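Below is one structure; the comments refer to it alone.
Residue numbers (the numbering used here): 296 to 844.
Set out below in structure tokens:
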């Protein structure tokens, strides 16, 4: 890589005010190499493949659902809208729901901002350390600890949001069990989705976009300026955040909680039964339908969030599908043991499909195409590399790309109090430092203004988003059109059954017609016989009378 070349002696501007000093670009060689594992042209094709996989997954699920409907005799089944026993005829609390939902989303954004402030302050504090090893690993330390803090906050808020969503749904007073279930699922999904993906969306699309430039930085407070991405971009930090969040949720929330909590409940029930603290009627109590279904919702939410990790940001973390597969293989066996040995077997209830979950999965698959398009276009360096190679490079190669993406800054233009305290950290005085951006040099007529290259790259990025989105959506629609919703053998069997039903119906109708005709003919004969008898009695034959002429 060009950035790792030993002759590449580029002096970079400080990453923070005063305590940070100038640094050599070659020191970012390790980060750049790691970023290149995910930031390469193969990522584009992998993103397209995953979008098509999501479309095929949805089609396969429709076919599987239709097969199960046929095997379980649910093809003509319709859900009955039964009213809840606790329904009250009053105005639902829509305004309270809206306000509380916005408040909970605001809490999520507040936690994200808190972690941002932690990263900024911790980075400045570590740069002041006298230990050279600590100063050399500032970026990795801050990224990893911030990702772990985000994971802990996500796990805590997940439990809080589940309880809040249930309370809001009860407050809304849905009229039927199905309405209660759908509203509860939707509220819980929105809150948990925002909670899980807000830190990731910030790193992918907002971090480093509002930093400013040397000499004119944007500050969070008087002494802390907005954090910026390293030279390799934010893609590596996005990968770290995704991996820790996904693996942490799967290990802690999906496995430890789901195994530990049932065992803990079983232990508590055993202790209470020994002490006689639980009445028999309470132990044998039958829950309402929506309550029993609510116990299954965390499993569905976990799978939908996992589907989001696999599809939404797969361009920045291509290993997500592999980790999801390994986790699901393990979790299938853990769930089997839990349902067999730890939980009471639930009463089966007939349902035609998975309800609102299918629409949620389909929506996530559609949003994944758009998000991956923006990740490839704006978060990675795929577009700047392509623009440089085909427009600015005289040789049609990537030689000189690093120098092309770096702008010049005159260190005498630093704001007062923001220049580095250790001016001779590199062993020599620095007059010009470099920073990653497309801006005019200080000796131009419009110093530090956005250059023509910036607008060219921006136009290509927006064009790529539009083209990528439409091409992938079109390919997904083609897959949807090519794969029938009903398997061929099931379609043939349903057609045969319809023919048999029609034949049976026709035979039954023909039998009714024959019975009616036989009854009518029998009735006509009886009427004829009765009529002939009546005519004989009214007009007796002449030989019965002795008529003398």
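Don't be surprised by glycine CBs; every beta carbon is placed ideally from N, CA and C. No experiment lies behind these values; they were computed from the predicted model shown.
Query, Result
"Indicate the three-state DSSP secondary structure (helix, strand or coil) for residue 703 in the structure shown.", "strand"
"Between residue 774 and residue 668, how many whole angstroms is the CB-CB distance? I'm expecting something under 8 Å.", "Wrong, their Cβ atoms sit about 18 Å apart, outside the cutoff."
"For residue 804, does the count of other Cβ atoms within 10 angstroms reach 16, so buried, or fall short, so exposed?", "exposed"
"Less than 8 Å between the beta carbons of residue 608 and residue 670, yes or no?", "yes"
"DSSP state of residue 503, grouped into three classes?", "coil"
"With 8 Å set as the bound, which would you pick, yes or no: does the beta-carbon of residue 695 sit closer than that to a beta-carbon of chain C?", "This model lacks chain C altogether; it includes just one protein chain."
"Taking the alpha-carbon of residue 738 as reference, which of 473, 727 and 643 has the nearest alpha-carbon?", "727"
"Can you grab the Cα-Cα spacing for the pair residue 814 / residue 806, in whole Å?", "12 Å"
"Have a look at 787, 767, 311 and 795 and flag the residue whose alpha-carbon is nearest the alpha-carbon of residue 507.", "311"
"For a quick check, are the C-beta atoms of residue 611 and residue 542 less than 8 Å apart?", "no"
"Can you tell which of 531, 767, 797 and 789 has its C-alpha closest to the C-alpha of residue 345?", "767"
"Strictly by DSSP, which residues pair up with residue 745?", "734"
"On the three-pair Cβ rule with 8 Å, is the segment 598-606 touching the segment 513-523?", "no"
"Express the C-alpha separation of residue 516 and residue 490 in angstroms, rounding to a whole number.", "26 Å"
"Have a look at residue 482 and residue 397 and give me their C-alpha separation to the nearest angstrom.", "11 Å"
"Determine the direct distance from the alpha carbon of residue 370 to that of residue 356, and round the result to whole angstroms.", "16 Å"
"Is it a yes or a no for the segment 320-329 touching the segment 649-665, going by three-plus beta-carbon pairs under 8 Å?", "no"
"Rounded to the nearest angstrom, how far is the Cβ of residue 788 from that of residue 497, given a contact under 8 Å?", "Their Cβ separation, rounded to whole angstroms, is 52 Å, which puts residue 788 and residue 497 out of contact at 8 Å."
"Name the two residues that bound the continuous alpha helix (DSSP H) containing residue 570.", "552-570"
"Taking the Cβ atom as the reference point for each residue, do residue 688 and residue 734 lie within a distance shorter than 8 Å?", "no"
"Just the C-alpha distance for residue 656 and residue 401, rounded to the nearest angstrom, thanks.", "25 Å"
"Residue 424: which of 530, 763, 315 and 811 sits nearest, CA to CA?", "315"
"What is the DSSP secondary structure of residue 645, counted as helix, strand or coil?", "coil"
"I'd like to check one pair, residue 306 with residue 752: are the Cβ atoms closer than 8 Å?", "no"
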